[in-house]
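1 is the number of the first residue of the sequence shown in the UniProt record's numbering; add one for each residue after it.
Beta carbons are placed, not taken as given, at the ideal position from N, Cα and C, and that holds for glycine.
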Amino acid sequence: MSEVTMTDYIGGVFSIGGSLPVGRLGYGAMQITGPGIWGPPRDREAAKAVLRRAVELGVTLIDTADSYGPYVSEELIREALHPYPQGLVIATKAGLVRTGPGVWVPVGRPAYLRQEAEMSLRRLGVERLDLFQLHRVDPEVPLAEQLGVLAELQSEGKADRIGLSEVSVELLREAQSYATIDTVQNLYNVGNRQSESVLQFCESAGIGFIPWFPIQTGELAQGKGVLGEVAREVGATPAQVALAWLLAKSPVMLPIPGTSSVAHVEENVAAAKITLTADQMARLDALAS
């Protein structure tokens, strides 16, 4: 595994909305909660150690959500990192209600989204959310109303940038008529390219693309087939190759691998140092054919 060292911007830099710079390889803070993304972690201090180590290694983008726990992930971030170091960007989300482990229900009523934004401000201990994302579009509420309240929060200075999650190109185009969309967070990894058209749209528009499930919660780490072959060729782990492929795929790509292990944080960050050849990229590209 490559040696982990502090860098100014891990994986290079991308400016969200043209003015909010982040390292392109971030950290997703979903897995620091309890089983089923429900309740507190088994070891609260260990969870906070993971967050601190990520920042020590140079991670400048941490992605969370009110629904992780619910609320637990945001609370842990504040406990571990507040007052936040200069340059650290914390992205959060609202729009999914939790009624139990593994249960996620879209709720996009404007009053609810505003309430959750206000509570996220309090839990994170900030006056403005760096990036506030609509976690899911609620099909029961007009998109104009859902984006309208996010735009209001932005105009009030409570949200700096606005993002969406799990949207099509068509929905993204519509959303742009109601608010400035600076990021999109969709399922995407070396084995699943169902959002390829969305990635291409984001690239053409300069919108940050945050691929969730970047290593399929460890599935890709098993290293079967081509992924394992390339990993052996470059002297890395399969998970590192999956992340390196994402970083090389597009300049707007912002992977946020999550883990509850300090060792895995170190491994993931080291993926930014891996350079893949054109042949290796082509072989990995073919995995989703």
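| Query | Result |
| --- | --- |
| Under the three-state DSSP convention, the category Ala-29 falls into | coil |
| Beta-carbon gap between Lys-117 and Ala-91 smaller than 8 Å | For the record, residue 117 in the displayed sequence is Ala; it is not Lys. Not closer than 8 Å, so no. |
| Burial state of His-135, where buried means 16 or more other Cβ atoms lie within 10 Å | buried |
| Reduced DSSP category for Leu-88 - H, G, I as helix; E, B as strand; rest coil | coil |
| According to DSSP, residues forming a beta bridge with Lys-93 | Gln-133 |
| Inter-stretch contact at 8 Å, needing at least 3 Cβ pairs: the segment 176 to 183 / the segment 31 to 45 | no |
| Residues that DSSP places opposite Pro-119 in a beta bridge | Correcting the residue identity first, residue 119 is Met in this sequence and not Pro. For Met-119, which the question treats as bridged, DSSP gives no partner whatsoever. |
| Backbone CA spacing between Gly-208 and Val-252 [nearest angstrom] | 5 Å |
| Alpha carbon of residue 291 to alpha carbon of Pro-238, nearest angstrom | Any answer about residue 291 is impossible in this case: the structure gives the chain only from 1 up to 289. |
| Of the residues Leu-25, Ala-151, Ala-54 and Ser-197, the one placed nearest Leu-171, counting alpha carbons only | Ser-197 |
| Reduced DSSP category for Pro-211 - H, G, I as helix; E, B as strand; rest coil | strand |
| Buried/exposed call for Ser-15, threshold 16 Cβ in 10 Å | exposed |
| Pairwise C-alpha distance: Glu-127 and Gly-148 | 20 Å |
| Residues near Gln-222 by beta carbon distance below 7 Å, same chain, minus five either side | Pro-238 |
| Ala-271 beta carbon less than 8 Å from that of Leu-243 | yes |
| Segment limits, beta strand (DSSP E) that includes Leu-187 | 183 to 187 |
| Contact the segment 274 to 288 vs the segment 225 to 234: 3+ CB pairs below 8 Å | yes |
| Endpoints, the alpha helix (DSSP H) within which Val-241 is located | 238 to 249 |
| First and last residue of the uninterrupted beta strand (DSSP E) at Gly-163 | 159 to 165 |
| Pick from Ala-159, Ala-29 and Glu-56 that is closest to Gln-86, judged by C-alpha positions | Glu-56 |
| Nonlocal neighbours in the same chain, by C-beta distance under 6 Å from Arg-78, ignoring five residues either side | Leu-124 and Gly-125 |
| DSSP bridge partner residues for Asp-63 (one or two, in chain order) | Gly-28 and Ala-91 |
| N-terminal and C-terminal residue of the beta strand (DSSP E) that Gly-23 is part of | 20 to 23 |
| For Gly-11, the three-state DSSP class (helix, strand or coil) | coil |
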